[in-house]
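If you're matching positions, the sequence shown starts at 6 in our numbering and goes up one per residue.
Quick reminder that beta carbons are idealized off the backbone N, C-alpha and C, glycines included.
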Amino acid sequence: LIEVNNLPSALTSIMQVFLQGKAGEILPKLVSLI
């Protein structure tokens, strides 16, 4: 299990990877919804 103290940094890393990998796919969809 991930320690509570390491959780924020872990979430940040996951979010960074997610945004870098999926931003090009998600942003156009969000814009089309708007």
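Separation of residue j from residue i, as counted between CA atoms
i, j, result
"Ile31", "Ser14", "23 angstroms"
"Ile39", "Pro33", "10 angstroms"
"Gln25", "Val36", "17 angstroms"
"Gly29", "Thr17", "19 angstroms"
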